[in-house]
Amino acid sequence: MANLQVQKKTSSQPPFLQFNNLACETAGGKVIFATDEWFAPARNLLKRDPPEFIASAFTEYGKLMDGWETRRKRIPGHDWCIIQLGVPGIIHGFDVDTSFFTGNYAPYASIQAVCLDQMPSFTLEGDRTGMAASPSQFEAVAQLNSDSWEELVPMTKLKPGYSESCHNYLNVTYPHRVTHIRLNMYPDGGIARLKVYGIGKKDWSTVSSQDLVDLVALVNGGVCVGYSDAHYGHPRNMIGLGRADNMGDGWETARRLDRPKVLKVDEKGILQVPGFEWAILRLGHPGIISKIEVDTNHFKGNFPDSCRIEACSLTPDEENNLIRYQWRSDKPPKWRILLPPQKLKAHHRHLFSGESVVQCGPVTHVRLIIAPDGGVSRLRLWGRRVSNNMTRLQQISKLLRQRSITGQIVSAWWRKIRQESCAIRTLRLCKAL
1 MANLQVQKKT
11 SSQPPFLQFN
21 NLACETAGGK
31 VIFATDEWFA
41 PARNLLKRDP
51 PEFIASAFTE
61 YGKLMDGWET
71 RRKRIPGHDW
81 CIIQLGVPGI
91 IHGFDVDTSF
101 FTGNYAPYAS
111 IQAVCLDQMP
121 SFTLEGDRTG
131 MAASPSQFEA
141 VAQLNSDSWE
151 ELVPMTKLKP
161 GYSESCHNYL
171 NVTYPHRVTH
181 IRLNMYPDGG
191 IARLKVYGIG
201 KKDWSTVSSQ
211 DLVDLVALVN
221 GGVCVGYSDA
231 HYGHPRNMIG
241 LGRADNMGDG
251 WETARRLDRP
261 KVLKVDEKGI
271 LQVPGFEWAI
281 LRLGHPGIIS
291 KIEVDTNHFK
301 GNFPDSCRIE
311 ACSLTPDEEN
321 NLIRYQWRSD
331 KPPKWRILLP
341 PQKLKAHHRH
351 LFSGESVVQC
361 GPVTHVRLII
371 APDGGVSRLR
381 LWGRRVSNNM
391 TRLQQISKLL
401 RQRSITGQIV
411 SAWWRKIRQE
421 SCAIRTLRLC
431 KAL
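With full-length UniProt numbering, you'll find the sequence shown wraps up at 433, consecutive numbering, no jumps.
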């Protein structure tokens, strides 16, 4: 029987863990080069599922390990691999997970990164257990000059793979788009998983304002920035690629304990319950949403009874302040109804468009509310992007109203904005009022 490490959620966990894993195999991440894969192939690093350990499992090369493990090095150098991110983006942190590698974990590691305009033509195929890079593979990878890539994490001492020490969390401050990373282990050993937490960065200049785009998708820069409960699955799963593989590939909460002992419904058949769960997501780009999909695929006995969606427009400063107070600030966002309460079904794709979706203008954030609890596998929000200036002008109007500026002065401000065509400067001036 396989053993699993149980990770306990603690307040000491870094904030970047709520972001997306840009390197996960389900997001399209892949290992394109590894110096050595004798005991276990490097592709295991990118598995979505937690590492497993089977004490009695061996291969002809040695102990079967669920991770990347190289042979004990007897030649100069150290081992390393190159990973192509499934979703290029801005990296905020890493989890170098050494689960079950207790006497054979890599003692040290460092991480480098680069943004390549063209994807390398080479990759690794099949099961490479018992193999090492060939001379031709070393020759091909040398063209990337990966040893000179930007260093995101300097050589860092790792901890052994016991349950209380296996997660090596590494914060990163690097505000540039990344397509590939190089993971160096010193000198050799094993690492179970590498998670690359960040936010996808799409080139929106290539997207027409008339194109209908899933504004909240992982690949388009959508990200979860808050939630009430994620007992069985994180809300970030809802914006992943394709349809969910299983229940674990969605957002699922615990059962609420404030449910009435005897349930009742209203005239629309929606359960009347006092509580609900919520998840807040930032769109990859401000936009006007016109079509919505709420997919409860795989959730057959644990789907929510109903859902609704609210939307708002926030500045980065406003978002940061709300995150700091876990969205319980004394100045909450002014949420607007985007999708009124809807009865949901089990294991079903719910599509809403036309009059079902309330037109509430350009928005930057949405809040999915489910009642009383349960699971949603995917959330799609199709809409058309709007210019950042349009969003800023909307924020200016809000600031002016908050400060009770008269209509005559507002008109003068708008004329000034049009003349200067500089919404950012105007927004700063408004805040200074």
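We put the CB at the ideal spot given by N, CA and C, even for glycine.
Every beta strand (DSSP E) of 3 residues or more that sits fully in the stretch 182-225 is shown, in chain order, as 193-200. If you look at residue 366, you'll find it in the beta strand (DSSP E) that goes 363-371. Look at residue 121 here: in three-state DSSP terms it is coil, with no helix or strand label.
In this structure, DSSP gives residue 355 a helical state, which the three-state scheme calls helix.
Using a Cβ distance threshold of 8 angstroms, residue 322 and residue 193 do not count as a contacting pair. An exposed status is given to residue 171, since fewer than 16 other beta-carbon atoms sit within 10 Å of its beta-carbon. The residue among 309, 24, 99, 274 with its C-alpha nearest the C-alpha of residue 162 is 99. The alpha-carbon of residue 53 is positioned some 5 angstroms away from that of residue 3. Excluding sequence positions up to five before and after residue 123, its CB lies within less than 7 angstroms of the CB of 30, 32, all in the same chain and listed in chain order. Rounded to the nearest angstrom, the gap between the Cα atoms of residue 287 and residue 361 is 8 angstroms. Ranked by Cα distance from residue 382, the first of 344, 178, 222, 176 is 222. For residue 141, the uninterrupted alpha helix (DSSP H) segment begins and ends at 135-142. Counting only residues of its own chain and dropping the five nearest sequence neighbours on each side, residue 384 has a CB closer than 8 angstroms to the CB of 209, 210, 211, 212, 213, 287, 288, 290. For residue 202, the closest of 343, 336, 106, 285 by C-alpha to C-alpha distance is 285.
Contact annotation, residue 369 with residue 308: C-beta distance approximately 5 angstroms; criterion of less than 8 angstroms satisfied. Listed in chain order, the non-local C-beta contacts of residue 365 below 8 angstroms within the same chain comprise 225, 280, 281, 282, 283, 311, 312, 313, 314, 319, 333, local neighbours out to five positions each way being set aside.
Cβ-Cβ separation between residue 237 and residue 249: approximately 6 angstroms, consistent with a contact (criterion under 8 angstroms).
Using a Cβ distance threshold of 8 angstroms, residue 101 and residue 195 do not count as a contacting pair.
A Cβ-Cβ contact shorter than 8 angstroms links residue 188 with residue 73. In the structure shown, residue 349 adopts extended strand secondary structure according to DSSP, grouped into three states. Residue 367 and residue 337 have their C-alpha atoms spaced approximately 10 angstroms apart.
The Cβ neighbour count for residue 77, taken over all protein chains shown within 10 Å, is under 16; the residue is labelled exposed.
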